[in-house]
Amino acid sequence: MVTLVPPPAPEPHRHRRVAESFGVDPERYDRTRAAYPEAVVGRITAACPGSGLLDVGCGTGIAARQFQAAGLTVLGVEPDPRMAAFARKTGIDVEIATFEAWDSGGRAFDAVVSATAWHWVDPVAGAAKAARVLRPGGVLAPFGHVHALPPAVADVLASAYRRLIPDSPFVARSEVSVLDAYRGLYARAADGIREAGGFGEPELWRHDWERAYSRDELLDLVPTSGGLTTLPPEQLAGVLAEVGAAVDELGGTVTLPYATWGLTAIRT
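If you're matching positions, the sequence shown starts at 277 in my numbering and goes up one per residue.
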């Protein structure tokens, strides 16, 4: 089986064109990207000593709305104006900037989170910035989803990446499950936190779950993947036709195993 996993180098945060390409269709992104398990939201909320939460790379506000519903006051930081505009329409207060360049204006927070976005932030500079804006006892908690596609579908996408996006930060490998491979992103984030200083020892964790997709639902989700968001419409249509054929061979419905990886570190 071929899977798409992030390489050890170059780091994803250096690929700004990909990092800021997800806003090409924010409505699709918000519609298709899975919400976070309540267990994950509850875990982070329980670690938060107060109600002020900063969501780094908040995108369309998927996680921000969940934390808001849990009773927290959420401010988002998002570099893509298109994603930020969508999040604002859903009731999230958003400021447009990369986290590294964002001006906190002296504000302090009880939690800094980042939902499937921290790998687009410099791991050391991001952790140092989080340390500056967190109150003592506050929590830094980057976390994110990854799902494993059926082998036939994964092979189609891996072939598309090799043909069409050879310089993508997500490359084809076969020696490791994608669910396990994403541990590396959060292990790298933990190393960045240790190097930046100002935090206790990061705790790495994982939450497993699954979700069923019809053919149409999966074809709606696939174009939101990093790299595919940069393809011209005719090339993307060709990739989706191949993916659709692979799903048809599987009976038209697939159940994807998900892992939500994350870590928590307390500001000392």
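All C-beta atoms, glycine included, are put in the ideal place defined by N, C-alpha and C.
Residue 425 has its alpha-carbon roughly 30 Å from the corresponding atom of residue 352. Of 540, 429, 401, the smallest CA-CA separation from residue 472 is found for 401. With respect to residue 332, residue 397 sits close: the two C-beta atoms are nearer than 9 Å.
Around the beta carbon of residue 365, a 10 Å sphere encloses fewer than 16 other beta carbons of the protein chains shown; the residue is thus reported as exposed. For residue 385, the enclosing beta strand (DSSP E) stretches over residues 385-391.
Counting the other Cβ atoms within 10 Å of the Cβ of residue 478 gives 16 or more, which makes it buried.
Taking all protein chains shown into account, residue 526 has fewer than 16 neighbouring C-beta atoms within 10 Å of its C-beta and is therefore exposed. If you draw a straight line from the Cα of residue 324 to the Cα of residue 505, it comes to about 34 Å. No Cβ-Cβ contact shorter than 9 Å links residue 376 with residue 436.
By the 16-neighbour rule on beta-carbons within 10 angstroms, residue 529 is exposed.
Residue environment analysis places residue 544 among the exposed positions, since fewer than 16 neighbouring C-beta atoms fall within 10 angstroms of its C-beta.
Under the three-state reduction of DSSP output, residue 308 falls in the helix class.
Of the residues 419, 361, 439, 429, the one whose Cα lies closest to the Cα of residue 521 is 429. 409 is the residue among 329, 390, 409, 500 whose C-alpha sits nearest the C-alpha of residue 379.
As DSSP reads the structure, residue 535 sits in a beta bridge with 422, 484.
Pairing residue 464 with residue 482 gives a Cβ-Cβ distance that is not under 9 Å. By the 16-neighbour rule on beta-carbons within 10 angstroms, residue 354 is buried. Judged by beta-carbon spacing, residue 474 lies within the 9 Å limit of residue 403, meaning their Cβ atoms are closer than that value. Annotation: the segment 330-372 contains the following complete segments of the alpha helix (DSSP H) (minimum length 4 residues), in chain order: 338-345, 357-365. The alpha carbon of residue 388 has as its nearest neighbour, out of 486, 326, 495, 524, the alpha carbon of 326.
If the five residues before and after residue 348 are omitted, its C-beta is found closer than 6 Å to the C-beta atoms of 327, 329, all from its own chain and listed in chain order. Cβ-Cβ separation between residue 373 and residue 419: approximately 21 Å, too far for a contact (criterion under 8 Å).
The continuous stretches of alpha helix (DSSP H) do not include residue 377, and DSSP gives it neither H nor E.
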